[in-house]
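Everything on this sheet refers to the single structure shown next.
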Amino acid sequence: MSEAVREGVKVSTDVGHLFAVAGDDGRPDFSPADVDALVDDLIAVLGPRGVSQLPRSVDRASRDGSGMSPVITAQLDAGELSVPDVVCYPRSVDEVPEIMRAAVRHGVPVTTRGKGTGNYGQVLPRFGGLVLDMTSLTTIHGVDPDAGTITADAGTKMLSLESYAQEHGQQLWMYPSTVQSTLGGFLGGGSAGTGTIVHGRNHEGFVTAVDIVPATADARIIHLEGEDAQPYVHTYGVAGVIVRATVKVEPLGDWRNVYASFPDRSSAFAAATAVMRARLQPRLMSADGPDIVAALPDDEALVPGRGSVRGILDASRLTEFETIVADHGGRMEASRTGINASVKLSTLSYNHPTWWLQKKEPGRWFHMECQGTAVVDRFEEVLDVYSVPDGGGNELRANFHLEVGNDMMFGMLNGPVLPGESIDTVRDRIAAGVPQLEALGVSVHSPHQWYIDLEPDRVRRLAADFDPHGLLNPGRWM
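Under full-length UniProt numbering, the first residue of the sequence shown carries the number 1, and numbering increases by one thereafter.
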């Protein structure tokens with residue numbers, strides 16, 4: 001791997017997988033006149049209320065969670081990502097094929113959007129065009145306990161699906177930490193969440209059927225099941241528009257939402273690792289040191305100055321968990337029941353603690369997604385990678401939010417940003433740290449890019465059939 005030096009920082013020059021480049025690759029050839037013609041066609045399909053070019057609509061469709069990345073934030077500030085020319089709001093899945101046929105007819109790119117809770121700019125249009133807002137498609141078609149499935153339209157919130165399933169004695173296999181995200185958004189751009197410890201990621205058997213609309217002149221709803229459906233998960237909307245999906249449910253568990261506190265981060269992380277090794281199979285289990293706990297929302301079960309382990313655990317395993325807590329010098333702080341308590345814990349997992357940290361100290365942190373036993377076994381060395389001198393004789397230490405996996409620990413490594421530090425220097429430090437982390441045995445994924453990076457060859461093959469004109473969310477190929 002080649003290297004360079006800038007401002008005393010050794011950096012890798014092979015950073016194509018770490019940062020997105022806002023070039024013109026994939027830009028469709030369309031004009032303002034094409035957009036005007038598309039708007040006329042959309043109004044004919046959706047009515048004037050279903051189509052908007054108002055500044056507030058365009059602004060809303062130009063936002064997502066990418067503010068968590070200082071790198072993408074700088075690109076947004078520099079105008080390297082575009083805004084839509086028009087936003088439309090289908091009210092039924094049957095309208096989506098007509099929308100797609102119109103977009104293809106006029107050669108206008110389409111970016112499909114749910115709640116816009118993604119973190120990497122995937123739903124921000126690269127080249128303008130049409131944003132297809134799916135949030136009005138919220139019909140839940142029912143749960144089938146015998147088949148172990150639930151079916152809903154793509155704009156349905158994941159929290160609504162989980163609530164509906166629980167009302168029928170079931171629960172989703174998984175739902176994301178951002179519970180307000182939509183079913184289509186989670187399948188298109190998400191990957192994991194509450195339930196992943198047992199069931200893996202969302203492209204590993206969670207989906208049993210999808211209804212997809214291609215970007216073709218004769219677009220229609222195409223129903224795919226089983227092994228034919230699964231490849232269309234996590235494709236960032238470039239391989240057709242998911243308008244409806246059937247996903248897995250299972251009988252509702254007897255869950256306890258538990259909180260424990262520990263003297264420090266190391267004992268909290270050791271306890272979380274012991275939970276994994278004991279195969280307690282929680283629905284979710286997260287851990288933080290006192291530094292991140294201090295940034296989380298106030299809760300009597302999150303004790304200032306102490307580390308935290310918290311999760312969703314089957315009631316039958318509660319005694320085993322309490323033993324692990326005691327063995328690692330901790331104490332139980334709370335055991336709660338109900339969907340609201342579970343949802344709260346979900347919003348304190350995955351990258352949400354980083355979000356809370358950034359909210360407390362704006363502009364002070366970047367993060368990298370990391371996985372491997374080294375995040376616990378070689379923890380201080382992992383933190384060393386992104387810890388920096390503050391210029392006053394002290395060191396600004398990185399920190400880490402930890403998640404329990406099925407057989408591996410993972411989480412978010414948060415690195416400090418120095419006051420006044422240029423974005424180029426931040427990028428260089430991020431890039432320089434990746435080979436160091438990999439040398440420690442840590443796998444790293446960058447949240448500072450909007451590329452398709454899960455099996456891109458598979459996605460290209462799908463897009464060749466479902467988006468032959470390159471109109472769906474263009475500019476996402478590495």
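Yeah, the Cβ is synthetic: ideal placement off N, Cα and C, and Gly gets one too.
Given a threshold of 16 other Cβ atoms within 10 Å of its Cβ, counted over all protein chains shown, does residue i qualify as buried or as exposed?
i, result
"V21", "exposed"
"G8", "With a pLDDT of 39 at G8, under the threshold of 50, the predicted position of this residue should be treated as unreliable, and no value is reported."
"L183", "buried"
"T319", "exposed"
"N351", "buried"
"N394", "exposed"
"S422", "exposed"
"H223", "exposed"
"P176", "buried"
"Q53", "exposed"
"N340", "exposed"
"A295", "buried"
"S316", "exposed"
"G47", "exposed"
"G392", "exposed"
"G363", "exposed"
"R265", "buried"
"A337", "Reading the sequence as shown, one finds Thr at residue 337 and not Ala. Exposed is the call here."
"S92", "exposed"
"A78", "exposed"
"G190", "buried"
For my contact list, residue i and residue j are in at a C-beta cut-off of 8 Å; report their separation, rounded to the angstrom.
i, j, result
"L130", "A103", "6 Å"
"D314", "D407", "Their Cβ separation, rounded to whole angstroms, is 18 Å, which puts D314 and D407 out of contact at 8 Å."
"N414", "W365", "5 Å"
"G305", "P28", "So it is not a contact: roughly 55 Å between Cβ atoms."
"residue 489", "F30", "Because residue 489 is not part of the residues shown, which for the chain are 1 to 478, the question remains open."
"S468", "T216", "As written in the sequence, residue 468 is Pro, which differs from the Ser given in the question. Correct: roughly 7 Å between the Cβ atoms."
"H17", "M478", "7 Å"
"F321", "L357", "F321 to L357, Cβ: 26 Å. No contact."
"I197", "P109", "Rounded, the Cβ-Cβ distance is 38 Å, inconsistent with contact."
Excluding sequence positions up to five away, which residues of its chain have a Cβ less than 7 Å from the Cβ of residue i?
i, result
"Q171", "E162, A165, V249, E250, L252 and G253"
"R63", "G116"
"L187", "N202, V207, V233, I242 and A245"
"H445", "E369"
"I324", "A271, A274, V275 and A278"
"P389", "E395"
"I99", "L42, V45, C88, P90 and L132"
"E80", "A22"
"A374", "V382, L440, G441 and V442"
Sort out for me which residues DSSP pairs residue i with in a bridge.
i, result
"H445", "E369"
"P416", "W365"
"V249", "L172"
"residue 492", "No answer is possible for residue 492: the residues shown for the chain start at 1 and end at 478."
"Y232", "The partner list for Y232 (beta bridge, DSSP) is empty, contrary to what the question assumes."
"R256", "L313"
"E225", "A209"
"I242", "I212"
Identify, in the order they occur along the chain, each residue of the same chain with its Cβ nearer than 6 Å to the Cβ of residue i, setting aside the five sequence neighbours on each side.
i, result
"A229", "V207, A209 and V210"
"P263", "G329"
"W173", "G195, H199, F206 and K248"
"R113", "V123, V131 and D133"
Give me, in chain order, the residues of the same chain whose beta-carbon lies closer than 8 Å to that of residue i; leave out the 5 immediate sequence neighbours on both sides.
i, result
"V426", "P70, V71, F366 and V417"
"Q180", "K115, T117, K157, M158 and L159"
"D41", "A102, R105 and H106"
"P97", "V213, A219, R220 and I221"
"N119", "D64, G65, S66, M68, S69, N351 and P447"
"S349", "S177, G193, T194, L284, S286 and E403"
"D94", "I221"
"G405", "T196, I197, M276 and Q371"
Legend entry - Segments assigned alpha helix (DSSP H), at least 4 residues, entirely inside the stretch 140-211: 158-167, 183-189 and 196-199
Inset, instruction - Within the stretch 67-131, note down every full beta strand (DSSP E) run reaching 3 residues or more, in order along the chain. - result: 86-88 and 110-113
Legend entry - Within the stretch 38-68, ranges of the alpha helix (DSSP H) (whole runs, at least 4 residues): 55-60
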